[in-house]
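Please read the structure below before turning to the comments.
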Amino acid sequence: MATKRIAVIATIYRYLSHAQHFADRFIVGYPYGGCWHRPDCKIVSLYVDQQPEGDQSQDRAREFGFAVYPTIAEALRCGGDELACDAVLIIGEHGEYPKNDKGQVLYPRYEFFKECVKVFEEDGRSVPVYNDKHLSYSFDKAREMVDDGHRLGFPILAGSSLPVTWRLPDVELSLGCQIEEALMVGVGGSDPMDYHALEAMQCMIERRLGGETGVKSVQLIEGDDVWKAGEDGRYSLRLLDSALSRSDSPCGKTDEDGRTQDLLGNSELPGLVKEPAAYFIEHNDGLKTTLLML
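Residue 861 in this note's numbering sits at position 68 of the sequence shown; the count goes up by one each step and never skips.
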């Protein structure tokens, strides 16, 4: 079987950017099961929208034998006249882009995707597309992207890397298990980090009896209302305590001098978390899950 050819479409490519994390795995491989694994595919072309200080795109291209193209169409065609890749990897994360009134960064994932669709239409052939994280900040744009995939008959995959990263402890819930309630603690700002946390929780709870049946409602609350919701029983303080106990980055006295502390019992948590947020999610099968961004 011929080695699969991947075209990478990214906002930026520098150290610790999402593009560097993703693309380097295909270029040099990664550890898996105690061995160094090299995927049976290769990057053949790259497009980067911005090249800030520390850009690695040109150096990677020279070292590993692929080209950086000035347009997405040229990257998908590898400088030729027709589609010349077997898959497209879109990484619209990091870089200097404006924000909307919700504070969401307007990454051009939709625009990148539509450029790929244009090539598929012109060349009469489509290939699978993977989109790093959520499809778009806009539901309408995301819907259009999915519709394009159905219309042209190519697979679209999207999501966070957290569902497939290592876990501590190494937990894998049994398929068909019973779940009464779930709570996830995440860290960081809205849009980039809450999405990672939601996906990490989702990959666990979708293994429950009947699988994922869909979401009925989502409510977001912020500030002191988060602590009051816990006092009122909207989420399990016991689950929160258990989640906090697994943190590798505790704050407060533990961080200062190594003392253990009961963040819930001694009411330290509200003082440590300046901008708390909670997502309350009701699923169609009645399951209720909570994401706390602390």
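Using N, Cα and C, we set each Cβ at its ideal position, and we do this for glycine too.
Find out if the Cβ-Cβ distance for the pair residue i, residue j is shorter than 7 angstroms.
{"i": "Tyr-840", "j": "Ile-799", "result": "no"}
{"i": "Cys-754", "j": "Pro-956", "result": "Because residue 754 is not part of the residues shown, which for the chain are 794 to 1087, the question remains open."}
{"i": "Leu-928", "j": "Met-938", "result": "yes"}
{"i": "Ile-883", "j": "Ala-812", "result": "no"}
{"i": "Gln-849", "j": "Tyr-806", "result": "yes"}
{"i": "Thr-804", "j": "His-887", "result": "yes"}
{"i": "Asp-984", "j": "Gln-897", "result": "yes"}
{"i": "Asn-924", "j": "Gly-1007", "result": "no"}
{"i": "Leu-1057", "j": "Asp-1041", "result": "no"}
{"i": "Leu-1087", "j": "Ala-1071", "result": "no"}
{"i": "Cys-1044", "j": "Leu-1062", "result": "no"}
{"i": "Val-922", "j": "Val-881", "result": "yes"}
Using the C-alpha atoms, what's the distance from residue j back to residue i?
{"i": "Gly-917", "j": "Asp-874", "result": "12 angstroms"}
{"i": "Cys-970", "j": "Leu-1030", "result": "22 angstroms"}
{"i": "Ser-953", "j": "Gly-979", "result": "14 angstroms"}
{"i": "Gln-1054", "j": "Lys-1067", "result": "19 angstroms"}
{"i": "Phe-913", "j": "Thr-796", "result": "21 angstroms"}
{"i": "Leu-1037", "j": "Leu-976", "result": "11 angstroms"}
{"i": "Met-794", "j": "Gly-1003", "result": "37 angstroms"}
{"i": "Ala-854", "j": "Ser-919", "result": "25 angstroms"}
{"i": "Asp-833", "j": "His-989", "result": "27 angstroms"}
{"i": "Glu-973", "j": "Ser-838", "result": "47 angstroms"}
{"i": "Val-768", "j": "Gly-827", "result": "With the chain represented from 794 up to 1087, any question about residue 768 goes unanswered, as that position is not in the structure."}
{"i": "Ser-1010", "j": "Asp-933", "result": "19 angstroms"}
{"i": "Gly-847", "j": "Glu-915", "result": "35 angstroms"}
{"i": "Cys-909", "j": "Cys-871", "result": "13 angstroms"}
{"i": "Gly-982", "j": "Lys-895", "result": "12 angstroms"}
{"i": "Phe-815", "j": "Leu-876", "result": "22 angstroms"}
{"i": "Ile-820", "j": "Glu-867", "result": "20 angstroms"}
{"i": "Glu-1075", "j": "Glu-1005", "result": "12 angstroms"}
{"i": "Gly-1079", "j": "Tyr-823", "result": "40 angstroms"}
Need the endpoints of the alpha helix (DSSP H) that residue i sits in, please.
{"i": "Asp-1034", "result": "1030-1038"}
{"i": "Met-986", "result": "985-998"}
{"i": "Asp-1018", "result": "1017-1024"}
{"i": "Tyr-890", "result": "Where Tyr-890 is concerned, there is no enclosing alpha helix (DSSP H), given that its DSSP letter is neither H nor E."}
{"i": "Val-898", "result": "Taken as a continuous stretch (DSSP letters only), Val-898 belongs to no alpha helix (DSSP H), as it is neither H nor E."}
{"i": "Glu-867", "result": "865-870"}
State buried or exposed for residue i, treating a residue as buried only when at least 16 other CB atoms are found within 10 Å of its CB.
{"i": "Arg-936", "result": "exposed"}
{"i": "Met-986", "result": "exposed"}
{"i": "Thr-1083", "result": "buried"}
{"i": "Asp-941", "result": "buried"}
{"i": "Gly-1023", "result": "buried"}
{"i": "Tyr-900", "result": "buried"}
{"i": "Lys-926", "result": "buried"}
{"i": "Pro-1069", "result": "buried"}
{"i": "Arg-902", "result": "buried"}
{"i": "Asp-960", "result": "Here the sequence assigns Arg to residue 960, which means Asp is not the residue at that position. The residue is exposed, with fewer than 16 neighbouring Cβ atoms inside 10 Å."}
Where does the unbroken beta strand (DSSP E) through residue i begin, and where does it stop?
{"i": "Ile-802", "result": "797-803"}
{"i": "Ala-1070", "result": "1070-1076"}
{"i": "Lys-1081", "result": "1081-1086"}
{"i": "Ala-877", "result": "Premise fails: Ala-877 is in no beta strand (DSSP E) and is neither H nor E."}
{"i": "Tyr-923", "result": "922-925"}
Does at least one heavy atom of the ligand ZN sit under 6 angstroms from the Cβ of residue i?
{"i": "Ile-1014", "result": "Among the ligands in the structure shown, none appear at all, so the ligand ZN cannot be discussed."}
For a minimum of 3 consecutive residues, which ranges assigned as the beta strand (DSSP E) are wholly contained in the region 943-976?
949-952
List, from N- to C-terminal side, the beta strand (DSSP E) runs of 3 residues or more that fit wholly inside the region 819-860.
823-825, 828-830, 834-841
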